[in-house]
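Heads up, the thing below is written out as structure tokens.
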Amino acid sequence: MSDTRTRVLFALFAIPAVVAMAWFGGYAWMLFIAAVQVAAIVEYGRLVRAKGATPQRGTMIALSLLLLVVFMHERLAADAVLLFGPLAWPLQWQALLWVLLLGVMLALLVELFRGADAPLLNLGSTLLGVMYIGLFLATTVGIREIFTVVEFPVGRVFGTATLNTAQLAQLERWGGGTMIAVLAGIWMCDTAAYFGGRAMGRHKLFPRVSPKKTWEGAIWGAVAAVGSMLAARAIALDYLGVVDAVLLGLMIGVLGQLGDLTESLLKRDAGVKDSSGMLPGHGGVFDRFDSLIFVSPAVFLYLDFIVFA
3 MSDTRTRVLF ALFAIPAVVA MAWFGGYAWM LFIAAVQVAA IVEYGRLVRA KGATPQRGTM
63 IALSLLLLVV FMHERLAADA VLLFGPLAWP LQWQALLWVL LLGVMLALLV ELFRGADAPL
123 LNLGSTLLGV MYIGLFLATT VGIREIFTVV EFPVGRVFGT ATLNTAQLAQ LERWGGGTMI
183 AVLAGIWMCD TAAYFGGRAM GRHKLFPRVS PKKTWEGAIW GAVAAVGSML AARAIALDYL
243 GVVDAVLLGL MIGVLGQLGD LTESLLKRDA GVKDSSGMLP GHGGVFDRFD SLIFVSPAVF
303 LYLDFIVFA
């Protein structure tokens with residue numbers, strides 16, 4: 003009961019803060035995700051070191067933060083023009099290739115010169131950290147930034163290239179509402195899976211990785227995520243069709259739970275229960291954001307290439 007009380011009290015303070023930053027978006031959301039990236043990478047590094055590898059923590063953090071900048075590309079480019087006038091600026095996909103290609107080269111060279119044991123393990127764990135935590139989490143910024151005027155298909159949705167005040171406000175509501183809906187879907191999925199599993203759980207979902215999770219709980223979680231996205235569509239996200247909302251809900255419900263199982267696999271291999279004790283009653287940052295890490299790339303790709311293609 004003491005642990006449950008701690009979890010609830012911490013959530014009462016943390017959830018409104020996260021929701022507020024998701025709503026305002028922009029640099030506030032980017033800085034929040036940057037903090038999550040850094041904390042999760044530090045915790046991931048502890049797991050990897052428990053297996054005898056020595057990942058390049060500085061390289062992982064630097065490349066992850068650069069990937070965040072890539073997903074802020076259009077906003078940064080527009081702000082740079084306002085401040086400094088016309089500038090030569092790479093396209094977003096070009097910037098992504100620069101970071102990934104030069105990042106791999108950097109990791110190889112750092113490993114060459116630092117002389118640590120087990121270079122293959124070190125390089126593998128370093129590059130996995132960059133992709134799994136750095137790139138995947140950076141797409142949360144990509145989701146929020148789709149709804150800026152420079153990224154959004156303004157002409158196709160609104161029928162005009164020049165938006166009035168009401169349309170700009172609607173775009174902001176869609177952006178903040180979408181990110182909050184993704185977070186709420188994950189939280190609802192976790193809650194429904196926990197209580198559904200306790201009440202009805204009979205068949206083990208993945209006992210090799212997480213002995214307490216059941217198929218019944220997983221189904222309840224997926225249903226709750228779909229219901230959450232349908233509710234979000236009805237309340238605020240009217241740019242989504244019903245099919246879009248259902249598919250996004252399924253992505254959140256299925257991939258969110260797979261993300262949790264994936265992190266559990268890493269923790270079990272490292273022989274630890276939580277990635278850290280940073281968040282009172284909730285374990286580590288990696289523990290709390292493992293579902294978002296897995297969900298965000300799929301949601302970003304679906305919005306960018308399907309809904310707004």
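For the sequence shown, the residue numbers in our numbering are 3 to 311.
Glycine included, every Cβ here is placed at the ideal spot set by N, Cα and C.
Quantities reported herein were computed from a predicted structural model and do not represent experimental measurements.
Residue of the options minimising C-alpha distance to residue i
{"i": "Val-211", "options": "Ala-24, Ala-82, Lys-275", "result": "Lys-275"}
{"i": "Ala-42", "options": "Ile-148, Leu-303, Leu-294", "result": "Leu-294"}
{"i": "Gly-117", "options": "Gly-243, Trp-31, Ala-97, Pro-57", "result": "Pro-57"}
{"i": "Val-278", "options": "Phe-288, Arg-270, Asp-271", "result": "Per the sequence presented here, residue 278 reads as Ser, with Val not at that position. The shortest C-alpha separation from Ser-278 is found at Phe-288."}
{"i": "Thr-61", "options": "Glu-113, Ile-254, Gly-219", "result": "Glu-113"}
{"i": "Phe-307", "options": "Trp-91, Gly-144, Val-248", "result": "Gly-144"}
{"i": "Leu-292", "options": "Leu-165, Leu-250, Gly-136", "result": "Reading off the sequence, residue 292 comes out as Asp, not Leu. Among Leu-165, Leu-250, Gly-136, the Cα nearest to that of Asp-292 belongs to Gly-136."}
{"i": "Thr-142", "options": "Thr-162, Ala-168, Gly-177", "result": "Gly-177"}
{"i": "Asp-271", "options": "Val-152, Arg-7, Tyr-46, Thr-128", "result": "Tyr-46"}
{"i": "Gly-126", "options": "Arg-59, Leu-303, Thr-8", "result": "Arg-59"}
{"i": "Phe-12", "options": "Ala-300, Phe-310, Phe-296, Leu-281", "result": "Leu-281"}
{"i": "Phe-310", "options": "Leu-257, Asn-166, Tyr-241", "result": "Tyr-241"}
{"i": "Ala-247", "options": "Val-256, Glu-218, Ala-234", "result": "Ala-234"}
Distance between residue j and residue i (C-alpha atoms, nearest Å)
{"i": "Leu-139", "j": "Leu-93", "result": "21 Å"}
{"i": "Arg-77", "j": "Tyr-29", "result": "9 Å"}
{"i": "Ser-298", "j": "Glu-265", "result": "15 Å"}
{"i": "Trp-31", "j": "Arg-204", "result": "40 Å"}
{"i": "Trp-95", "j": "Gly-285", "result": "36 Å"}
{"i": "Val-10", "j": "Arg-290", "result": "14 Å"}
{"i": "Val-83", "j": "His-75", "result": "12 Å"}
{"i": "Ala-52", "j": "Leu-173", "result": "46 Å"}
{"i": "Leu-98", "j": "Pro-121", "result": "26 Å"}
{"i": "Ile-254", "j": "Leu-89", "result": "39 Å"}
{"i": "Asp-81", "j": "Val-72", "result": "14 Å"}
{"i": "Thr-180", "j": "Phe-115", "result": "45 Å"}
{"i": "Ala-171", "j": "Thr-150", "result": "11 Å"}
{"i": "Leu-239", "j": "Gly-273", "result": "42 Å"}
Rounded distance between the beta-carbons of residue j and residue i, thought under 8 Å
{"i": "Leu-123", "j": "Ala-55", "result": "4 Å"}
{"i": "Leu-49", "j": "Leu-252", "result": "Actually they are not in contact, since the Cβ atoms of Leu-49 and Leu-252 sit about 29 Å apart, beyond 8 Å."}
{"i": "Arg-175", "j": "Gly-27", "result": "In fact, because the Cβ distance is near 11 Å, the residues do not count as touching under 8 Å."}
{"i": "Lys-215", "j": "Phe-208", "result": "6 Å"}
Worksheet entry | Inter-stretch contact (C-beta, 8 Å, three-pair minimum) for the region 230–240 and the region 261–271 | no
Discussion item. Three or more C-beta pairs under 8 Å: does that hold for the region 60–67 against the region 32–41?
Written reply: yes
Fill in: Those runs of the alpha helix (DSSP H) which lie wholly inside the region 141–179 and span at least 4 residues
156–160
Worksheet item: Which runs of the alpha helix (DSSP H) spanning at least 4 residues fall entirely within the region 23–76, listed in chain order?
Response: 28–51, 59–73
Fill in: Sufficient close CB pairs (3 or more, under 8 Å) joining the region 151–168 to the region 191–208
no
Worksheet item: Using 8 Å as the threshold, is the region 6–19 in touch with the region 121–136, meaning 3 or more CB pairs across them?
Response: no
Fill in: Three-pair Cβ contact test at 8 Å for the region 174–194 versus the region 213–223
yes
Discussion item. Does the contact criterion of 3 or more C-beta pairs under 8 Å hold for the region 176–191 versus the region 19–28?
Written reply: yes
Worksheet item: Going along the chain, which unbroken runs of the beta strand (DSSP E) with 3 or more residues stay wholly within the region 205–266?
Response: 206–208, 212–216
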